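Colleague:
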Amino acid sequence: MTTVAHYLERWLELSAGFVAAHVEHSRHRGVVISRDGWLNLDAFDHRPRHSLSPIRSRTPERHKARALRLQLGAVLAAERADIVHVHFGYAATDALAVTRRRPFVLSLHGHDVTGLLHDEPDRYRGVAPHVNAVIVPSQFLAATATAAGFAEDRICVVPSGVDTEFFTPTPLPDGPPVVAFVGRLIAKKGIPTLLDAWRTIGTAVPDASLELVGDGPLRGLIPTDDARITWHAPEPRRRREQVRDLIRRATVVVTPSETGPDGDSESLLLVNLEAAASGRPVVSTQHGGIPEYVATGTTGLLVPEADPGALGDAVIRVLQDRSLAMSLGEAGVPHAKQWDVRTCTSRVDDLYEELLRRVK
């Protein structure tokens with residue numbers, strides 16, 4: 002049986018649940034190695050798993066890098082890892098000295114290329130020649146990775162994938178319309194743009210409400226004195242159920258992402274596929290990799306980023322035209338199925354096997 006060592010800075014942020022989904026659905030044995038300890042184990046309780054944090058905390062700063070390499074190498078040997086798959090570029094350099102003859106796969110997901118390179122344009126120059134394959138979720142990020150120094154012929158576009166057995170279609174709800182937002186409350190998610198647009202939406206559709214699930218530094222922008230706006234804190238133990246329940250309550254899912262101050266951009270935006278799989282229309286933006294997964298005019302409507310007027314008009318259009326909302330939602334279901342998580346994970350598994358054949 003092939004053993005894949007999945008290495009990352011920390012296992013696992015709620016927003017990175019797609020990494021856990023990949024490990025879970027892979028046909029190969031997965032071992033999780035977390036450099037800096039654990040987060041949200043009640044949501045992502047994968048075994049076997051190893052933390053390198055204890056030895057790092059006990060090691061003097063000048064020896065940390067060497068101690069990390071030694072311990073990582075020891076774990077890879079003990080688990081008989083055949084492949085090292087680093088998730089997110091932040092920890093890519095850690096694996097350079099210990100991959101030896103094992104194939105080295107790197108998954109880039111967004112900020113680790115679009116935002117990180119804003120301040121460190123040469124971050125990956127030393128890593129790129131040693132990576133056997135780079136997995137990115139969109140053509141947009143593939144172009145960004147190429148600009149960062151990765152060889153074009155080593156870049157594979159494989160989206161994270163949506164669980165279409167969990168996110169299943171339900172009828173568009175009756176009653177007052179609900180506008181749903183799911184995501185971290187950070188600059189690139191377009192929170193100020195959404196709240197500006199909401200003023201227009203709320204006036205045009207007086208019985209509409211806005212529900213948000215997410216947390217982050219911009220939470221303070223969400224009004225607490227508007228009875229039609231409801232914020233829900235993320236629930237780690239039922240993170241997927243919470244997102245699915247909100248999408249099912251929604252008339253439309255809105256994702257107004259835009260380029261962050263540091264260049265941070267969306268590479269895919271999985272919630273758009275979760276909404277489509279659930280039979281809900283999406284209003285999103287012409288930003289990053291989003292247009293590759295939202296068929297504008299067919300499964301959703303796309304507007305220019307950072308344009309609250311255009312965003313509001315598009316949401317109002319969907320809320321006021323139920324036949325349009327139903328048409329967009331129905332078209333989303335087969336659209337999302339082509340990126341089912343099992344299909345996408347199988348493509349990565351095939352890549353693992355191809356890389357192993359090359360080194361034998």
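Just so we're aligned: the sequence shown equals residues 2 to 361 in this note's numbering.
Positions of the beta carbon are idealized from the N, C-alpha and C atoms, including for glycine.
Predicted model only: the values in this text are computed from it and were never measured.
Using 8 Å as the threshold, is the C-beta distance between P160 and L15 below it?
Modeller: No, Cβ-Cβ distance for P160 and L15 is not below 8 Å.
Colleague: What's the gap between the Cα of Q339 and the Cα of E62?
Modeller: Cα to Cα, the separation comes out at about 47 Å.
Colleague: Identify whether T256 lies in helix, strand or coil by the three-state DSSP scheme.
Modeller: Three-state result, T256: strand.
Colleague: Would you kindly work out how many angstroms separate the C-alpha atoms of E306 and Q287, rounded to a whole number?
Modeller: So the two alpha carbons sit approximately 6 Å from each other.
Colleague: Among residues of its own chain, excluding the 5 on either side of P224, which ones have a beta-carbon nearer than 7 Å to its beta-carbon?
Modeller: Answer for P224: I230, listed in chain order.
Colleague: With a cut-off of 8 Å on the beta carbons, I'd call A134 and C157 a contact; round off their distance for me.
Modeller: Right, their Cβ atoms sit about 6 Å apart.
Colleague: Buried or exposed, going by whether 16 or more other CB atoms sit within 10 Å of the CB of Q72?
Modeller: Classification of Q72: buried, given that the 10 Å Cβ count is 16 or more.
Colleague: Inspect the CB distances between the region 254 to 267 and the region 26 to 41 and report whether three or more fall short of 8 Å.
Modeller: The answer is no - the region 26 to 41 does not touch the region 254 to 267, with fewer than three Cβ pairs under 8 Å.
Colleague: Quick one: using the 10 Å Cβ neighbour count with 16 as the cut-off for buried, is L222 buried or exposed?
Modeller: The residue is exposed, with fewer than 16 neighbouring Cβ atoms inside 10 Å.
Colleague: What does the alpha-carbon distance come out to for the pair Q140 and H110?
Modeller: Taking the straight line joining both Cα atoms gives about 12 Å.
Colleague: By how many angstroms is the C-alpha of V106 removed from the C-alpha of L196?
Modeller: Going by the C-alpha atoms only, they are around 40 Å apart.
Colleague: Runs of 3 residues minimum, wholly inside the region 8 to 68: which ones carry the beta strand (DSSP E) assignment?
Modeller: Listed in chain order, they are 30 to 35, 50 to 52.
Colleague: Rounded to a whole number of angstroms, what is the C-alpha to C-alpha distance between I202 and I136?
Modeller: The alpha-carbon atoms of I202 and I136 are separated by roughly 39 Å.
Colleague: The beta strand (DSSP E) with L213 in it runs from where to where?
Modeller: Element bounds for L213: 210 to 214.
Colleague: Out of L219, A148, L142, point me to the one whose CA is closest to K190's CA.
Modeller: Out of L219, A148, L142, L219 has the C-alpha closest to the C-alpha of K190.
Colleague: Would the region 291 to 304 and the region 325 to 339 be scored as touching if the rule is three or more Cβ pairs under 8 Å?
Modeller: These segments touch.
Colleague: Which residue comes first and which comes last in the beta strand (DSSP E) that contains W232?
Modeller: That run of the beta strand (DSSP E) goes 230 to 233.
Colleague: From what residue to what residue does the beta strand (DSSP E) around I187 run?
Modeller: Premise fails: I187 is in no beta strand (DSSP E) and is neither H nor E.
Colleague: Give the single residue among R57, G215, A93, H26 whose Cα lies nearest to the Cα of D164.
Modeller: Of the candidates R57, G215, A93, H26, the one whose C-alpha sits nearest the C-alpha of D164 is H26.
Colleague: Give the secondary structure of I223 by DSSP, where H, G and I count as helix, E and B as strand, and everything else as coil.
Modeller: Coil.
Colleague: Less than 6 Å between C-beta atoms, sequence neighbours within five positions excluded: which residues of the same chain meet that for F151?
Modeller: So the list reads A129, V135, once near-sequence residues are dropped.
Colleague: Suppose you measure from the CA of A188 to the CA of T60; what does that come to, to the nearest Å?
Modeller: Their backbone Cα atoms lie some 36 Å apart in a straight line.
Colleague: Which residues mark the beginning and the end of the beta strand (DSSP E) in which T286 is found?
Modeller: 283 to 286 is the span of the beta strand (DSSP E), which, as asked, contains T286.
Colleague: Helix, strand or coil for A277, going by three-state DSSP, please let me know.
Modeller: It is helical.
Colleague: How many whole angstroms separate the CB atoms of L320 and P104, which I take to be in contact at a CB cut-off of 8 Å?
Modeller: Actually they do not touch by this definition, with Cβ atoms about 49 Å apart.
Colleague: Ends of the beta strand (DSSP E) at I317?
Modeller: It is not in any beta strand (DSSP E) - I317 instead sits in the alpha helix (DSSP H) that spans 309 to 321.
Colleague: Where does T94 sit, in a helix, a strand or coil, going by DSSP?
Modeller: Of the three classes helix, strand and coil, the one that applies to T94 here is helix, per DSSP.
Colleague: Beta-carbon within less than 6 Å of E10's beta-carbon, same chain only, minus the 5 sequence neighbours each way: which residues are those?
Modeller: Excluding sequence neighbours, E10 sits near R36, D37, Y91, A92.
Colleague: Starting from the Cα of G116, find the closest Cα among A326, K361, D265, V360 and give me that residue.
Modeller: Nearest option by C-alpha distance: D265.
Colleague: Would DSSP call F105 helix, strand or coil?
Modeller: Of the three classes helix, strand and coil, the one that applies to F105 here is strand, per DSSP.
Colleague: With respect to the alpha helix (DSSP H) encompassing V244, which residues constitute its N-terminal and C-terminal limits?
Modeller: First-last of the alpha helix (DSSP H) with V244: 240 to 250.
Colleague: Are I248 and A276 closer than 8 Å when you measure CB to CB?
Modeller: Yes, these two residues count as a Cβ contact at 8 Å.
Colleague: So who's on the other strand from L302, going by DSSP bridges?
Modeller: Its beta-bridge partners are V284.
Colleague: Is H112 helix, strand or coil by DSSP?
Modeller: Helix, per DSSP.
Colleague: Is it true that the CB of A78 sits closer than 8 Å to the CB of V114?
Modeller: Against a cut-off of 8 Å, the Cβ pair of A78 and V114 comes out as no contact.
Colleague: Could you tell me if T346 is buried or exposed, where buried requires 16 or more neighbouring beta carbons within 10 angstroms of its beta carbon?
Modeller: Buried, by the Cβ-count rule.
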